[in-house]
Structures are given as structure tokens and as C-alpha cells.
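All residue numbers for the sequence shown refer to the numbering used here, where the first residue is 16 and numbers rise by one.
Idealized CB from N, CA, C, for every residue including glycine.
A quick note: this is a predicted structure, and the numbers were derived from the prediction, not measured.
Have a look at the structure below before the remarks.
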Amino acid sequence: MLTLLLIVLAIVGLLVVMRREAGAPAALAVLGVLGLAGLLLDATVIGVLLLIGAAAVAVAGLPALRRQWLTPRLFAMFKKVAPKVSATERTALEAGSVSWDGELFSGKPQWEKLLAFKDTGLRDDEKAFLANQCATAAGMCNAWDIAQERADLPQQLWDFLKKEGFFGMIIPKEYGGLGFSAKAQSMVLQKLSANETMMVTVGVPNSLGPGELLLKYGTQEQKDHYLPRLSDGREIPCFGLTGPRAGSDATSLPDTGVVCKQTINGEEVLGLRLNFEKRWITLAPIATVVGLAFRLFDPEKLLGDEENRGITLALIPRDTAGMDIGRRHHPIGSPFMNGPIIGKDVFVPLDTIIGGPDMIGQGWRMLVECLSIGRCITLPSGATGTARYALGWSGGFTRVRRQFNVPVAEMEGVQEPLARMAGLAYISQATVYQTANMIDHGEKPAVPSGILKSQLTEFQRVILSDAMDVHGGKAVTLGPRNYLGIGYSANPVAITVEGANIMTRNLMIFGQGAIRCHPYVLDELAAKDANDMQAFDKAFFSHAGLIFGNAARAFTLGFGLGKASVPFDGPAAVYAKDIARLSAGFGLCADAAMASLGSALKKREMISARLGDVLSNLYLASMVLKQWQAGSQVEGEEALLHYSCRFLLQRAEQAFVEIFDNLPNRALGKILKVVVMPTGRRWDKPHDDFARDIATRVSTHSALRTKLLENTWDADDGEQRNPLARYNALLVDYDRAEVIYRTLNKAYAKGELPQTALHPEARVEIGLEKGLINAEDAEFMRTFEAEVLEMLTVDDFAYDAFAKNKSTLIDHNSQPTPATKQEEESVK
Ligand SMILES: Cc1cc2nc3c(=O)[nH]c(=O)nc-3n(C[C@H](O)[C@H](O)[C@H](O)COP(=O)(O)OP(=O)(O)OC[C@H]3O[C@@H](n4cnc5c(N)ncnc54)[C@H](O)[C@@H]3O)c2cc1C
């Protein structure tokens, strides 16, 4: 009995010491005291074992002892197994900042740090721009005309976008730009997502490209010349990195610049001779200035001793001799300007290098540093805007589309995708807004940029697919009335650009996070590079303390013991506590995977992807909680909070299970399973009750629908009709219409209306005659039904409308009926 008591006390004591990361002296005290107690109380065996444990802790844990014999051996081993970080990778790792992602990596997230990013909202000029200029621009877009007829935005819209400064949102006011906050940029792009071609056209110059590069690294002369011209659209920029041989592996680019001298107007000019082939460059066909990435060589050593000067960026005017630009690619679904650029022996002076000669060889660092912000904003905002429009249209359509005598929105099979769309839109909105808010506080979220880009564009894919499904044939049939199909087919663009999603998920998020966000790994690698054993000892044993701490936290929290205190009340608290629990498990698994696989983890992308999934889902869930805490909640939003958090946390747990099951070291996988999920999974997919509730609200005129569609284009006073506004108006009237539908349908079912009254319009007229409804209701229903029918209508075209080459048209109806085999035989 005494032995059992000592064992239990030792376990509890060690778990407390580990959870608090109290270090070797505290563990030594627990084992030493209990060991001595065992000897004194005649429990000799356990007493001796505990004292042996204490001795082991002393030798391994006390710095003065371990540095004599243990650390040198560990350091030697570490040098052998630690991954080699190339210069390119190091650049990527050092770019950007670490904030909430680092907290999640630590296994003990301090929620106060997240909540400290206070939201100050938008400035008045930003709000006005969103309400006025964005609505006007959206009202000028006719998706069918843009995609199918002219394959471009109309001239009038281009002029408006330039005049109103859409292309200079990131450029400060002193250079003539709008100087918008990250939050405002995001909301503008979300609103412009009413048309994906316009969203991309505006998004790209405001993302990674000449504007941002000049702002951060340009010489004063370059800034003074280009920034005002970029702000008002006199210059249209593009940025060429990708080529036929260099896609995801952009640093393998084979394009070259050679330092040379050329005589121009009788004067010898020092410059670069460029040879390059770029493709898929957005805005290239119309760009007036090309940002270009290439490798710079100085074989004649005109600039110094070094021949290979590394990746360098330059800005080249369109009319530079030798540059072939203007041809177009045809991006799927959306005709935004995109095309190749080829340069043969293009000579440019040295001052075209962005940042001047000082920035030679710094190109990759410049690009990666800029990417951390742009990648958090442009595509994630486009995805969120698209998600919200698709949700709004789908909620409206499924309410007014009746089958089996009821709106299809009443059917559970349709409610499931409607709720999923709402949940994903809610998560996206919270994540992009809260991350933009962090950027406005000065953060440059490198790892979250990969999370937002890949996760939110994957959500966009799911949402668009669900939206297509619930619209049935209405969205399948292309034509001016189809507001969804073109955007749906353009979705792969977002999946592929700015770091293709497969690569981002498998390689980048955890790969970058493991080193960048981990509290100690970067220090350990730096100690290795500097051959500094003292620094290694400090980082390594702090790291060991963290591993034990995370194991103890994950295990005890898994049993519901000593729950983390969180600054959230009400329904959010339970999720915040569980994010803390899963974060401890994540920290432990990350270390376990790195320790057991070493540099092989880079190749084990499926493990790395799942670790990235855990981090991503915890990050997204945290953003939802932050948004919930900061915002004013509306009726029905709580269901959406539950739905979203459960959706994300069950995905995080699923990723954990797949890690346990697939770690090459099977025993380690099993141990981790017991430590991280001692009582099994805690989260299932969101309950159907939530789905029913959410689907009903997003398909009716409700506070929740209004909140989800806040700041979308919802006016119907532009040049083009606005389907979202039309659905919103129908939903306002829907309750009244539903009562009338029911009265008339009931009467029809009872035989009070003639059997031939099959159309709702006929029932209205006969119902009026028979006094079932009054004249006012009849008039209301005539208008309502006419609008419903208009929203259900699809386009049709002349027989020869689609064939580009009319001479190939076959007139099927004038052809003789094909002969049967027998007839053919008899003719022979
Ligand atoms: C419409 C459009 C617009 C674009 N605009 C621009 C622009 O303005 N400027 C510019 O410079 N570039 C632009 N790009 C290029 C874009 O950034 C690249 O397409 C993208 O980086 C992916 O390269 P890739 O298409 O060659 O795919 P590849 O690199 O050939 O990849 C093929 C597949 O392999 C996967 N993959 C690759 N490496 C790994 C890995 N290590 N682990 C796991 N999976 C991996 C990828 O995820 C992808 O699924 C644009 C592309 C398109 C299609």
C-alpha cells in the first residue's frame, strides 16, 4: 500500500513539476524526498528506485554536471542529424514575424497576447470608399460580358478604377495613394469579389509586386517617380518571377542578368543585359512597367570581386528594346490579364535595380518579406468575399426555389451544405479580418500567410462546389443570368497561385513553422552553425523542459485536470480551453516528429502536412474566438460559433489521429496517442441541430444573414442588376408570400381550386376570384412571383451562337436520317 502511495505521489509530483516546467531541481526534490521517505518507512525497493531516478535527473538535468559529459555528446549527435538549412530557406525562415502562431507552437498559448491586438475599425475615408467607390465599381460589372464577350473589364471600369485610386490602396497618401489599412484593403477586395476578374485586377497590384517592393526597398528617386504614377494608374505594374522551368521552386529560375557596358547616345552606360522567359504573369499584357526577378552575374567583375551576385529584382519599362510582351494566356474561368514575357538581350541601366546596387542579390529576401503580408490579404480576401456572395446567393435561391411544394432550403439535404457554407464563410471572415488587424498592429505573419492562403482558398473551393449543387441547373447553365458558374470555374486560379496549395500545406506551413515559430529550434540551429556548445546546452535543455511540459499538459488536460484559464466567457470558453489542450499536444507531436524523423521529416510530407493541419485549424479557431469576443453578436450567431469551432477542432483531432497512425516509429505513435488523447477524441462533426438552425437563418431575412453579408455589394442601383440585392429583397417579403402559398396550396390539395391551376400565378388569380386571398395579397404575389421566376430563369441562345467558326456548323435537322445497316446493304 505504501509503495503504491509513493508511486502515485511521485507521478503526481512529477506531472506538476513538468507542467510548470519547474526544471531538474524541482524534479530532484520530488524524487529525493519520496525516495528517502520510502527508505525511512521501510518501503525499501521503491525508495531505492526513486533515489536512482533522482540521481539520473541530477546527472542529466543539473547544468554543472551535464555540461561535463552529456552536452558534448548530444551536441555531436545534433550536428549529425540536424537538417541543413540552405541560404534560400534561411532567408524564408527569417522573413516576417511570429505572433499567435508562435503561441500555438509553444503549447501554452497566452490568450491575452491575442486579445491585445485591439481592433480600431476602419477610418472614415476607408468606410466611405467601401460604401461608395466599391459599390459603384461592382455595379459596373457584367460577369457574362466581361468573361465571354469582351474578355476584359470595360474601358469605363478601368478608367474608374484608376481614377479612384484602386490600384494604390497600399501606397501612402504622400505618394498619392489611398494609404489604406490592411483591414480596409481586405474589405475592399471582399466587396469587389462580386466579380472575380475585377478582384484579381485590383488585388494583384496591391499585393506582392512593384508597388510594395518600391515602398520597402526602392531608392527615393524610384519612389518619387513610380509611386504617384502607380497610385493613379498611369503605370500598370506586373511582376515576373515564374517561368517554364521555375514554378513552385521559384529560386531555380534560369533567367539571367549580366553586368555590362553599352554605349547609348555616344555615352558608355553601366547596366545589365537580361535574358528571360516568364509565363503566367498577371497584368503583363497591359503592364507599363515590369518587375523582374533574375540571377545576376558579373563575369567581368565590373561591380566588385564576386561573379555570381544572386537573385536580383529590377523594374523595366514596357517599351524597352528586346522585350516581347503583350500576348495573353487564358486563365480558366476568368479573363483577367495574364500572359508571357520574353526578353532577349534586353539592356537596362543599373538604376533599374529595385533599391539600386545595394540591393543586388537581395531579391529573394525582398520577395519573401513582402509575401508575408500580401499573401494574408489578397487571395484570402478574395476567397472570403467569394464565400460570402456564394452564401448569399445560395440562401436566397434555395428559399425561393420550391420543389415538392416547399422551398428547397427546408430540405435537410440542402440545409447541410448551406450550413457548411455559412460556417466556412464565418471562419474565413474572422480569420482574414483578425489577421489583417494584426498586420495593422505591425505584424508580418509569415506562417499564417500560408495558412490563410491555402485554407481559405480550399474553403472557397468547397463553398463554390456546395453553391453549385444547391443551385442545380440554374448555375450549370451559362449566360448573363448565371452569377455563379464563371466564378466557380475560376476557382483553381486561387488554389494554384502565390504558392500552390499542395506545396503550401505539405511543405511550407509546418516546415517553416517548425523552425520559425518553435521557441528553441532556431536557437539550436544557430548554436550548431556557430559551434557554440554553451548556447546549445541552454536551448536544448530548455527545449527538453518544454517537451516534458507539453506532455504533462496534454496528458492532464486530456483527463480534464487543471484546465487552462482563459479570458473568454460563455460559449467561447470551452473552445479556448480546448485549443490550449490541443496546442500542448501539437507542441509535443511537433517535437516528437522532428526528433524521430530528423531531416527526413522534410520528405515525409504527409506527416508534415498533418502537423500543419493541426496548426492551421487551431489558428483558424483562435481567430473565430477573437472575432466572437471583439464583435457584437447577433441572434443565432452562437450556433455558428459552435458549428465553426467544432468543425475546426474535429479536423484538428482527425489530423492528430492520422499522425499517430502514420508515424514511421509505430511505438512512438502509440505513446503519443495515449499522452495526447488519453480519453480519445473529444470533438465530433457539428450536430445537425446547428446545421438546421444556421441554414434557416441564412436563407431568410435574419440578423445572422445580414451580418454574414455585411459590406458586400447589396445595392441594386448600378448599371447592372445585383442578384444578391434581388434575393435580399425577396427574402424580406418571403414570410408574407409563404402564408399565401400555403393558403392556396392547401385549397388546391382540398380540391377547392381547379386541377388545371398548376402554376402559382393561376392559383393566385383563382384564389382571388374565390375570395381566398384579397386584392392586395394578389397584387403582392403577382410581383413576388414575377421576380421569383426571373431569378429562376436561365438563358438560351441562338443555335449558332457558340460556334466561333460558323463554317463548321452542322444543320442536324436538314440531314437525311442515317441509313440502317440493312438499307446500306440493299443499296450495295
Ligand atoms: C493564372 C495565374 C497567374 C499567375 N500570376 C503570376 C504572376 O503574376 N507572377 C508570377 O511570377 N507568377 C505567377 N503565376 C505563377 C504561380 O505562382 C505558379 O503557378 C505557382 O507558383 C505554381 O507553380 P506551377 O504552376 O509551375 O506548379 P508546379 O511547381 O509545377 O507544381 C505542380 C504541383 O506540384 C506541387 N508541388 C510542387 N512542389 C512541391 C513540393 N515540394 N511538395 C509538394 N507539392 C509540390 C504543387 O503544389 C502543384 O500542385 C501565376 C500562375 C497562374 C496560373
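Checklist entry - What residues match up with D339 in a beta bridge as DSSP calls it? => result I357
Checklist entry - From Y503 to M483, what distance separates their C-alpha atoms? => result 8 Å
Item to check | Buried/exposed call for N743, threshold 16 Cβ in 10 Å | outcome: buried
Checklist entry - Quick check: the segment 664-679 against the segment 148-163, are there 3 or more CB pairs under 8 Å? => result no
Checklist entry - What did DSSP end up calling S717 once you bin it into helix, strand or coil? => result coil
Item to check | Residues near C275 in its chain [Cβ-Cβ closer than 6 Å; skip 5 each side] | outcome: R288
Checklist entry - Using the C-alpha atoms, what's the distance from K722 back to E211? => result 22 Å
Checklist entry - Is the segment 772-785 touching the segment 389-408, taking contact as three or more C-beta pairs under 8 Å? => result no
Checklist entry - What span of residues does the beta strand (DSSP E) with F254 cover, start to end? => result P252 to G255
Next on the checklist: My assumption, with CB atoms under 8 Å, is that G255 sits in contact with K231. Please give the rounded CB distance.
Outcome noted: For a cut-off of 8 Å, the C-beta gap from G255 to K231 is around 18 Å, too long to register as a contact.
Item to check | When K206, V284 and V273 are compared against Y404, the one with the closest alpha-carbon | outcome: K206
Next on the checklist: For Q170, tell me which candidate among I186, G183 and A152 has the shortest Cα-Cα distance.
Outcome noted: A152
Checklist entry - According to DSSP, which residues form a beta bridge with E283? => result T278
Checklist entry - Name the DSSP bridge partner or partners of F362? => result R288
Checklist entry - Say the cut is 6 Å; is the CB of F181 nearer than that to a heavy atom of ligand 1? => result no
Item to check | From G38, A37, I26 and V100, residue whose alpha carbon lies closest to that of H527 | outcome: According to the sequence provided, residue 527 is Gln. The question's His does not apply to it. Comparing Cα-Cα distances from Q527 to each of G38, A37, I26 and V100, the minimum goes to V100.
Next on the checklist: Taking its Cβ as the centre, do 16 or more other Cβ atoms sit within 10 Å of S246, making it buried, or is it exposed?
Outcome noted: buried
Item to check | Distance, L330 Cα to V273 Cα | outcome: 15 Å
Checklist entry - At what residues does the alpha helix (DSSP H) containing G627 begin and finish? => result Counting along the chain, the alpha helix (DSSP H) containing G627 begins and ends at E620 to A645.
Checklist entry - According to the neighbour-count rule (16 or more other Cβ atoms, all chains shown, within 10 Å of its Cβ), is K316 buried or exposed? => result K316 is classed as exposed because its beta carbon has fewer than 16 other beta carbons within 10 Å across all chains shown.
Item to check | Closest by C-alpha distance to A610, when choosing among F555, C149, S598 and V581 | outcome: F555
Checklist entry - Using a threshold of 6 Å, is the CB atom of W9 nearer than that to any non-hydrogen atom of ligand 1? => result In the structure displayed, the chain extends from 16 to 843; residue 9 sits before or after that span and is not available.
Item to check | CB-CB length for Y448 against Q644, believed under 8 Å | outcome: Contact doesn't hold; Cβ gap of about 13 Å is too wide.
Next on the checklist: Once the 5 residues before and after F312 are set aside, which same chain residues still bring their CB inside 8 Å of it?
Outcome noted: T271, G272, V273, V274, E322, N323 and R324
Item to check | Cβ neighbour criterion (16 or more within 10 Å) applied to I26 | outcome: exposed
Checklist entry - What are the uninterrupted segments assigned as alpha helix (DSSP H) that are 4 or more residues long and contained completely in the segment 68-154, given in chain order? => result The DSSP assignment places 78-96, 102-109, 115-121, 126-130, 139-146 and 148-154 as complete runs of the alpha helix (DSSP H) inside the segment 68-154, in order along the chain (cut-off: 4 residues).
Item to check | For D552 and P78, believed in contact at Cβ under 8 Å, the rounded distance | outcome: Distance from P78 to D552 at the Cβ level is roughly 7 Å; contact confirmed, criterion being Cβ atoms closer than 8 Å.
Item to check | Between the CA atoms of F474 and L439 - distance to the nearest angstrom | outcome: 6 Å
Checklist entry - Of the choices F412, P432, L537 and Y634, whose alpha-carbon is the least far from that of I524? => result Y634
Checklist entry - For Q418, which three-state DSSP category applies? => result strand
Next on the checklist: Is any non-hydrogen atom of ligand 1 found closer than 6 Å to the C-beta of G613, if you look at the structure I gave you?
Outcome noted: No, the beta carbon of G613 sits no closer than 6 Å to any heavy atom of ligand 1.
Next on the checklist: Just to confirm, is the Cβ distance from K459 to G233 under 7 Å?
Outcome noted: no
Checklist entry - How many angstroms separate the CA atom of A667 from the CA atom of G226? => result For A667 and G226, the distance between alpha carbons rounds to 38 Å.
Checklist entry - How should Q549 be labelled, buried or exposed, when 16 other C-beta atoms within 10 angstroms of its C-beta is the threshold for buried? => result exposed
Next on the checklist: Could you pull the DSSP bridge partners for T271 from this structure?
Outcome noted: N290 and R310
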